[in-house]
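Reading through the structure tokens given below for one structure.
There are 6 protein chains.
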Amino acid sequence: MPTPPISRFPVPALANLPEDVRARILAVQEKSGFVPNIFLALARRPDEFRAFFAYHDALMERDGGLTKAEREMIVVATSAANECQYCVVAHGAILRIRARDPLLADQVAINYRKADHEPHQRAMLDFALKVALDSHEIQDADFPPLRALGFSDEDIWDIGAIAALFALSNRMANLINMRPNDEFYLLGRAPKK
Amino acid sequence: MPTPPISRFPVPALANLPEDVRARILAVQEKSGFVPNIFLALARRPDEFRAFFAYHDALMERDGGLTKAEREMIVVATSAANECQYCVVAHGAILRIRARDPLLADQVAINYRKADHEPHQRAMLDFALKVALDSHEIQDADFPPLRALGFSDEDIWDIGAIAALFALSNRMANLINMRPNDEFYLLGRAPKK
Amino acid sequence: MPTPPISRFPVPALANLPEDVRARILAVQEKSGFVPNIFLALARRPDEFRAFFAYHDALMERDGGLTKAEREMIVVATSAANECQYCVVAHGAILRIRARDPLLADQVAINYRKADHEPHQRAMLDFALKVALDSHEIQDADFPPLRALGFSDEDIWDIGAIAALFALSNRMANLINMRPNDEFYLLGRAPKK
Amino acid sequence: MPTPPISRFPVPALANLPEDVRARILAVQEKSGFVPNIFLALARRPDEFRAFFAYHDALMERDGGLTKAEREMIVVATSAANECQYCVVAHGAILRIRARDPLLADQVAINYRKADHEPHQRAMLDFALKVALDSHEIQDADFPPLRALGFSDEDIWDIGAIAALFALSNRMANLINMRPNDEFYLLGRAPKK
Amino acid sequence: MPTPPISRFPVPALANLPEDVRARILAVQEKSGFVPNIFLALARRPDEFRAFFAYHDALMERDGGLTKAEREMIVVATSAANECQYCVVAHGAILRIRARDPLLADQVAINYRKADHEPHQRAMLDFALKVALDSHEIQDADFPPLRALGFSDEDIWDIGAIAALFALSNRMANLINMRPNDEFYLLGRAPKK
Amino acid sequence: MPTPPISRFPVPALANLPEDVRARILAVQEKSGFVPNIFLALARRPDEFRAFFAYHDALMERDGGLTKAEREMIVVATSAANECQYCVVAHGAILRIRARDPLLADQVAINYRKADHEPHQRAMLDFALKVALDSHEIQDADFPPLRALGFSDEDIWDIGAIAALFALSNRMANLINMRPNDEFYLLGRAPKK
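Residue numbers (our numbering), protein chains in the order written: chain A, 1095 to 1287; chain B, 1095 to 1287; chain C, 1095 to 1287; chain D, 1095 to 1287; chain E, 1095 to 1287; chain F, 1095 to 1287.
If you want it as structure tokens, here you go:
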């Protein structure tokens, strides 16, 4: 079987992209050794590309109470609930690397309740899933238990906002049938020493 | 009963905002006569504010096959499915104005299948709801019927991307319990002449 | 677009109706200034017309612990859950008038949890929604918290019975595709003084 | 275990009931040999009692295209979907008697798709369940297939209205935890000859 | 209407079955007076037949804290949730016999929450339904309340394993459209003395 | 974090097991290089252990139209729908090996509709999921399309029976919180040559 295309929509040639978009793509290729397909698939609409990655960086690269691995746990758990092939595979790889744990990503993707996480991480994921699936039921009473586990209000915003951003991202990936790069599947799978 | 706050999170003073954020807020106030609460509620995180409105403008102000009223129909229908108070009330007002129709917004919000729309608009909303609620089931077979009704592939991207963006927006509004401005409720309700 | 019909089924001429049915219709016209479409749409079956309005009046005009506005809140919240165009629009108008509040009806219709209501009204609506959507799970334990908020057992019957009656009403309106009168959309929208 | 009460709410003494309500109860006792509990449980509110049974008789005793057994099939199938103990047991008994079939009621209650029914009855029950569970999705396209199977528009109204009435009835029975009379369980179970 | 076949798949002649399978079938016929259709429908695959009944006997005939009637209650409640015609009818009959109660099986099948059971039986059924419908949400916190009601850990395994076995059985019966024997409907319906 | 236990229930020592159970366990260890935890977790109840693996072998080792890889695809897809950590991880590994494809298992687990499969395999999985989640809706009309894709009736039985067996297996694994062996995560991940 030939490899299927990376998107239902046409993918532009690098040479035809605006300079800033091309620069961002070349930078990620330099750093990762390959270009994650989301950069190519979204580049056909440069304004949306810029807005998406600006939003992404604002939440995923932010300093704050949540570790980078915890941010990726939120992405993987909510993307699995939305059955987003691209996000679970790509961010599963990033989670393995950031958590230095080869098992955690698959555990979170299949049933986050049973992952090898700390109690506060379980509460974090419960809340992220509520934002992802039942945000209309969020109420004041959801906040004190999170604060009692050490989450600041800024952390709670981060949890909710990451779940909200990937609500968008999962839907875009499903809309365009975005295919994860083969490289992601193997990244970070070497066992813990 | 005193008016409840517009957000669960603190709202910054205009004077403390970065210049570009403040300028955007003043511009909308100038144009609308009031500041829609989403501008104030998101301003506390300027990077996310900028990314959100850049994304919003890229999709909602875009030239293309969908009319501005149709874009608002997508927002209202999907936001109603997510029970987002702010988005249904605020974009309901915008829809009334852009469609020059005082009934359409409420019809779409309560049961979009029964709104006074054209057949191609019904198909547009069915697809938007699929993106909003069941994006994992989108398949190639969903596209030809939309094309047969006159939607280009760029239009279909717009439908899906607007539904995806408001998946984010609805969840943020529910996370922070964003309150719609009282002004929205009455806008555009004068009967058609 | 010409105005669509008010029902999928034929609507009888006033002149052909039994005297009591016609009298009821003329009385509501006298009082409201127009004939709400439900009177015309149901009149083709006089026995069902009589039974429906007898049931309606027994519950909605009843003296008791619930205010008339609260009874309408139950109608709007449960009818929104059933996506009943007619009932949300028509009873939304009545709610605005009875509560002397131009915002409450839309708030209740979109997400009743976030309406500007009192705590006992929130509990009332939670119970009404349980009757509307999950009545098989009602249990003895549901009653003491309602009593603790000041509801008598007769009030609880009223809450449940109104939700039950509009379970019927919503399904009839959806069955016949009943259209709300244009007049309802604007009623009671003048801002509070 | 002592027999539990027939309702969560008090049941009035026959002697204290209005004359017409008492007469109706005595008549059913005369005819059936016992008083079905719904008569006693609803009698405490005579106006609602009268409206309910007027509605019931208008639909269940009506001449028309549907047989009386078919009307009961609709009741049993939709009441099973609502997990209404009283309605499934009581109307299951009536269905056995009216259809002269000792098996049909249980079949319809457990999985109506597998009952020993005719194809047009299967379509009738599919539509009744749509009214009971998803009435907001009813559309014009639902009607021609029913007409093609021989149902008149009056028959379709009957199907939908019976499903709607028992949407009310099931919720009332669940609200008050109405208990079916022991007599119902055995009625009509003698095998077909 | 001629009696429909007992399975969508061919049913083998007794004479063609392996000796142990035929012996088992003759034994049940000897004991019950008829051959429950599941024995005939599964016999076409002797290895699966043997595995199924070995599993069944290991759980349903086991000594332990649960009574045989309680084991059947679990079967009826979970099979009703899966709308399995065969299992509800056949095990409903066995439940009536084992519990010496002509009403309990129908009560459990329609809405197990309202059956005439003891409080510990209600908790048993709640847990069985969680295993049947939401096993991914089972957590350590589910166990102490069951232990407090007197269930040993072996009993809890039994509850869960019976629900799991009939998850299989219900799906097989639905796959092959297995028909319950007419005899089951009347068994055990004589009133309690 | 110390490795959590492999089951909520005690795990017996090999030395205390019946000879046949121990022999089976030693054989799998010999073949695989480790003992999959399901053998240890179920061994405490030898009769259920024997019945489970007899059923498993009858379906998974059977000759027939389905390849062994296809049988594993059914297991992974339905176990993912049930969020069964053990079955998705363990059978995902077996699927990678049997299909000689390092990507297929994760694709099937996250969203089986988007896996790199043949059209007949997509139909196979659609039917398996219907058995797993909505078996009460299976009808005669489901069979001809499968036959048209080349599936024999024995193949269809296999698809359904495997989905049914893992309905049991998933629930048992969730009941006892069965942990997949670490070894499974890396098996079969070497890229295709």
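The beta carbon of each residue, even a glycine, is placed where N, CA and C say it ideally should be.
Nearest to residue i (by Cα), restricted to the options the options
i                       : options                           : result
residue 1273 of chain E : E:1125, E:1118, E:1123 and E:1130 : E:1130
residue 1278 of chain E : E:1106, E:1235, E:1238 and E:1181 : E:1181
residue 1221 of chain C : C:1107, C:1168 and C:1205         : C:1168
residue 1137 of chain E : E:1150, E:1122, E:1117 and E:1111 : E:1111
residue 1193 of chain E : E:1213, E:1166 and E:1242         : E:1166
residue 1218 of chain A : A:1150, A:1240 and A:1209         : A:1240
residue 1235 of chain E : F:1237, F:1150 and F:1270         : F:1270
residue 1205 of chain D : E:1214, E:1268, E:1120 and E:1135 : E:1268
residue 1174 of chain F : F:1158, F:1212 and F:1223         : F:1223
residue 1256 of chain E : E:1134, E:1099, E:1125 and E:1162 : E:1162
residue 1135 of chain F : F:1127, F:1209 and F:1119         : F:1119
residue 1283 of chain C : C:1158, C:1113, C:1117 and C:1183 : C:1183
Distance between residue j and residue i (C-alpha atoms, nearest Å)
i                       : j                       : result
residue 1102 of chain F : residue 1254 of chain E : 13 Å
residue 1171 of chain F : residue 1178 of chain E : 23 Å
residue 1104 of chain F : residue 1233 of chain C : 37 Å
residue 1216 of chain B : residue 1228 of chain F : 29 Å
residue 1148 of chain A : residue 1244 of chain B : 33 Å
residue 1164 of chain B : residue 1139 of chain C : 39 Å
residue 1276 of chain C : residue 1185 of chain C : 13 Å
residue 1249 of chain D : residue 1160 of chain D : 6 Å
residue 1176 of chain E : residue 1230 of chain F : 6 Å
residue 1225 of chain D : residue 1115 of chain A : 52 Å
residue 1154 of chain A : residue 1187 of chain A : 15 Å
residue 1266 of chain A : residue 1207 of chain B : 24 Å
residue 1252 of chain A : residue 1191 of chain F : 40 Å
residue 1132 of chain A : residue 1152 of chain A : 17 Å
residue 1109 of chain D : residue 1156 of chain C : 24 Å
residue 1189 of chain F : residue 1195 of chain F : 8 Å
residue 1211 of chain D : residue 1150 of chain D : 24 Å
residue 1214 of chain A : residue 1113 of chain B : 38 Å
residue 1123 of chain D : residue 1117 of chain D : 10 Å
residue 1100 of chain D : residue 1242 of chain F : 55 Å
residue 1246 of chain A : residue 1237 of chain F : 55 Å
Residue-chain proximity (residue i, chain G), Cβ-Cβ < 7 Å
i                       : result
residue 1254 of chain B : Absence of chain G from the displayed structure is noted, the protein chains being A, B, C, D, E and F.
For residue i, the three-state DSSP class (helix, strand or coil)
i                       : result
residue 1181 of chain A : helix
residue 1111 of chain D : coil
residue 1282 of chain D : coil
residue 1266 of chain D : helix
residue 1128 of chain D : coil
residue 1105 of chain B : coil
residue 1197 of chain F : coil
residue 1144 of chain A : helix
residue 1211 of chain D : coil
residue 1233 of chain C : coil
residue 1246 of chain F : coil
residue 1139 of chain D : coil
residue 1157 of chain B : coil
residue 1274 of chain A : coil
residue 1176 of chain E : coil
residue 1100 of chain D : coil
Say whether the segment 1185 to 1199 of chain B touches the segment 1131 to 1146 of chain B, bearing in mind that this needs 3 or more beta-carbon pairs closer than 8 Å, one atom from each stretch. no
Cβ-based contacts, 8 Å cut-off: residues of the segment 1208 to 1226 of chain C near chain D: 1225 and 1226
Per the contact definition of three or more C-beta pairs closer than 8 Å, is the segment 1243 to 1261 of chain B in contact with the segment 1262 to 1269 of chain A? yes
If the cut-off is 9 Å on Cβ atoms, which residues from the segment 1149 to 1168 of chain F count as contacting chain E, listed in chain order? 1149, 1150, 1151, 1152, 1153 and 1156
What residues in the segment 1179 to 1200 of chain C have a beta carbon less than 7 Å from any beta carbon of chain B? 1179, 1182, 1183, 1196, 1197 and 1200
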